[in-house]
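Working notes, structure below.
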Amino acid sequence: MSYDYLEHMCDTKRKILHVDLDAFFVSVEQVLNPGLRGKPVVVGGEPDRRGVVASASYEARAYGVHAGMPLAQAHRLCPQAIFLRGCFPHYEEASERFMRILSDFTPDLEPAGIDEAYLDLTGFESVYGPASETALRIKRRIKDEIGLTASIGIASSKVVAKVASDLAKPDGVVEVAPGEERRFLAPLPIAKLPCVGPKTEKVLQGMGLTTIGQLADMPPSLLKASIGLLGEVIHRYACGIDERKVEPAAAAKSISRETTFAQDTLDCPFLSATLYYLSERVGAELRHDRRMARCATLKLRYADFQTITRRRTLSEAIDANRAIFDIGLELLKKALSSRRQRVRLVGIGVSSLVGDGRQLSLLHSPTQGWGRLDRVIDRIRSKYGFTAIQRGRTLVLKDFFPLEKGEYLLPTPALSR
Ligand code: DCP
Ligand code: CA
């Protein structure tokens, strides 16, 4: 086996950004409740419950609290911390808004988790200026539009950009100059390499290795002998060599949203409002992707966990919230009339997606007016947040979400821009 990659340096002309939100779950809670800012906050659950820390504020981290730690241990280390159960729909919404901001900068965008993504800005600088300035513009928009801080790493490869964003935390930008990759990584502890987990770290430490530089200086064959194929990957990364491309997520074949209720229900206005809300989310994503659907599917899970799906194929492709909802409601009524049982989960999805090139017949269809209204609402929501505008149909939901002041989604932070 030869290690050709050591002879020819990797392509250092690429400009890859890794963008990662700081203390994500905690920061969303702080946007919703500014009284939590600047305090030790832990999202994961009450300290007397089993479970682990999902996200800790930097104030809590100063006491040694970190993600993955049992809540009870976090409480012992930092008893004054505020422990929150968290609310996933809020994080999902913030994540969608975050990805949408990033997609305004380039289509070469690869989401790598709920709060992180890679962007390939190669060739971008001659038109839009230095990548470091673009990074600051991205950070400013995230701050202004969602109220969150992000850290950004800029480098010629994904692995180096990721390590750089970690070093930039919180709220910073770190750029690694082309050709400096190996020198940049060398003094850092081996655990900073993304593919080195606690187990691998132990094995490497057992070999007397503590820094990434020492890893890079090892013969790759020795690493391979002790940790297998991963050893080769780790060696390449330690040398700052990573040719993986930024791969935009494959276009979805279907789009769906579902929700499980805190209590099983047969309350029809509530079920219908939930279905409308879910149809709005599906419709918004469909229009954002510039697609239309020829098939809609309702999903129901009854209290006894029996789960059914009911599908309708359409003669015309649709993308309007109301059109998705109407089909969902019809399927829901039919399902409930054949089995009247409390419902635990409801979901709506669309599939058989086509491009949104509008067909002539659609221009005269009654759904065209809905489409225009949806697009206006989409624009307002993408700028000011999903709750900036509510349809009468979903107002009933406010009573059902277990949050204070009737707020059930991320509010709009300061709008100065
Ligand atoms: N997460 C989780 N359980 C974990 C790790 C993370 O539920 N063991 C969730 C909560 C985090 C989110 O994923 O907020 C993003 O994970 P990160 O590792 O990026 O951690 P944070 O964003 O909280 O902090 P950082 O500022 O270090 O990125
Ligand atoms: Ca993060």
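Using this note's numbering, you'd call the opening residue of the sequence shown number 3 and step up by one each time.
Beta carbons: idealized from backbone N, C-alpha and C, even for Gly.
- Relative to ligand 2, the beta carbon of D22 is positioned inside 6 Å of a heavy atom.
- For the stretch 35-79, the continuous beta strand (DSSP E) assignments of 3+ residues that do not extend past its boundaries occur at 43-45, in sequence order.
- Two segments are said to touch when three or more pairs of C-beta atoms, one from each, lie closer than 8 Å; by this definition the stretch 119-136 does not touch the stretch 77-86.
- The residues V43, V45, S57, S59, in chain order, have a CB closer than 6 Å to that of V28 in the same chain once the five nearest residues on each side in sequence are set aside.
- Within its own chain, no residue has a Cβ closer than 7 Å to the Cβ of R142 once the five positions on either side in sequence are excluded.
- Per the Cβ contact rule, the stretch 262-277 is not in contact with the stretch 317-325 (fewer than 3 Cβ pairs under 8 Å).
- The three-state secondary structure of C270, taken from DSSP, is helix.
- Under the DSSP assignment, R303 falls in the beta strand (DSSP E) whose first and last residues are 293-304.
- With a threshold of 6 Å, the Cβ atom of A69 counts as near ligand 1, since some heavy atom of the ligand is closer than that.
- The stretch 92-101 and the stretch 63-73 do not touch, with fewer than three beta-carbon pairs separated by less than 8 Å.
- Contact annotation: the stretch 325-332 does not touch the stretch 254-261, with fewer than three C-beta pairs closer than 8 Å.
- Take D358, set aside five residues on each side of it, and the residues of its chain with a beta-carbon closer than 7 Å to its own are R292, R293, M294, D321, in chain order.
- Straight-line measurement puts the Cα of E177 at about 21 Å from the Cα of C197.
- In this structure, ligand 2 has a non-hydrogen atom nearer than 6 Å to the beta-carbon of D117.
- Pairing M209 with Q216, the inter-Cα distance amounts to about 10 Å.
- In the three-state DSSP reduction, F126 falls in the coil class, being neither helix nor strand.
- Bounds of the beta strand (DSSP E) holding G349 are 345-357.
- Fewer than three pairs of CB atoms, one per stretch, sit closer than 8 Å, so the stretch 303-316 makes no contact with the stretch 373-382.
- By the Cβ test, the stretch 200-207 is in contact with the stretch 226-237, since at least three Cβ pairs between them sit closer than 8 Å.
- DSSP, reduced to helix, strand and coil, places I18 within a strand of the structure shown.
- Around the Cβ of P222, a 10 Å sphere holds 16 or more other Cβ atoms; the residue is buried.
- In terms of CA proximity to A251, L111 leads the group I214, H20, F388, L111.
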